[in-house]
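Numbering (full-length UniProt numbering), first residue to last: 1 to 184.
Set out below in structure tokens:
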């Protein structure tokens, strides 16, 4: 872990994910764990980047006119922290995230947020592919249960664990919040 040139990336921790339409969720402590990591980053004066999903569809819970667009209060940005809006799963596509990281000589990123199999996973894969030293914090992200193409329901915990397994040691180093806090 590079303690100087690092950034904490918090992906899509927005009120939209409180909507009942998503169904069952695992790891209800994800936001608390993100908050613990965020407090450490702020205390050390390290770079914090908030990613906020912004939909063009007025009916989407992620549309700026809807309350779901707001970043959850527990991890809301403070003055001086970067907020980047995105329109797709990857925090790197259609944004200046990569440029910002490179211009600020950031070599290591720590990724947290919602949800594990979607925006967190896609951002983690791209981060690793772009050559950043990438850490994903397993208990600072969460998943929802989903139904597959054959109408089989996959529970949230299984989705979460499989998503982490597909990223482990190929795209990122997977750590828990405690493991991260013990090495920084």
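We put the CB at the ideal spot given by N, CA and C, even for glycine.
| query | result |
| --- | --- |
| Environment of residue 124 [buried if 16+ CB atoms lie within 10 Å] | buried |
| Runs of alpha helix (DSSP H) lying entirely within the segment 74–109, each at least 4 residues, in chain order | 97–103 |
| Residue 33 versus residue 112: straight-line alpha-carbon distance, rounded | 9 Å |
| Continuous beta strand (DSSP E) stretch holding residue 173: start and end | 173–175 |
| Residue closest to residue 79, alpha-carbon to alpha-carbon, out of 121, 66 and 45 | 45 |
| Length of the line joining the Cα atoms of residue 145 and residue 162 | 12 Å |
| Residues bridged to residue 154 [DSSP beta-bridge criterion] | 146 |
| Residues that residue 7 bridges to, as DSSP identifies them | 47 and 109 |
| Residue from 157, 136 and 12 whose Cα sits closest to the Cα of residue 52 | 12 |
| Check whether residue 90 and residue 84 have beta carbons under 8 Å apart | no |
| Closest Cα partner of residue 175 within the set 140, 73 and 60 | 140 |
| Candidates 152, 184, 143 and 117: closest to residue 167 by CA position | 117 |
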